[in-house]
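See below for the structure under consideration.
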């Protein structure tokens, strides 16, 4: 009985999280066109050239929003959509890896703590996301 | 933590979404840290979105165990 109640609470918390994530993912999709820094939005950075590899993963907010809403409404995703999600995640990680390798080669982080944080925090997240 | 095979259950669908969210988070963390001194509206929105995605990824990971 207590276990059922606890499982129900856990499911409810996960649903609330999924709804929050779905709503905020729409904001994330809108953020593609909002100025992020230096009056430049990810959409502008995509077309301007130099920082496209930093801007491209922001586009993930659109399929994430679509997938979160689909999961909320239908309760699942088709296998094709799930493979698509994995492929998009892999592509974004690959773009990030290429960027990190290039950036470290070109300008290795020195004694600046902010440089090290900008390098290590994403790597820790990437390592945790791929752990199985 | 996260299975790599698709399946019909909601948990498996959430895991696929969580992988996209993790990929988004990796880049968002870099951008949030790198541009912390030049914050504009998109920076704050990305911070809020990242917090929600991080919580969802953690919940999906716990559910997948």
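Residue numbers (the working numbering), protein chains in the order written: chain V, 3 to 134; chain D, 395 to 459.
For glycine and all other residues, C-beta sits at the position ideal for the given N, C-alpha and C.
(message) What does the alpha-carbon distance come out to for the pair residue 26 of chain V and residue 41 of chain V?
(response) 22 Å
(request) Below 7 Å CB to CB, which residues in the same chain sit around residue 422 of chain D once its five sequence neighbours on both sides are set aside? (result) 440, 444
(message) Please tell me whether residue 43 of chain V has its Cβ less than 7 Å away from any Cβ of chain D.
(response) yes
(request) Report yes if the C-beta distance between residue 43 of chain V and residue 36 of chain V is below 7 Å; otherwise report no. (result) yes
(request) Locate the alpha helix (DSSP H) running through residue 107 of chain V, then write down its first and last residues. (result) 81 to 108
(request) Measuring only between beta-carbons, confirm whether residue 87 of chain V sits less than 7 Å from chain D. (result) yes
(request) Count the other CB atoms, across all protein chains shown, that sit within 10 Å of the CB of residue 75 of chain V; report buried if there are 16 or more and exposed otherwise. (result) exposed
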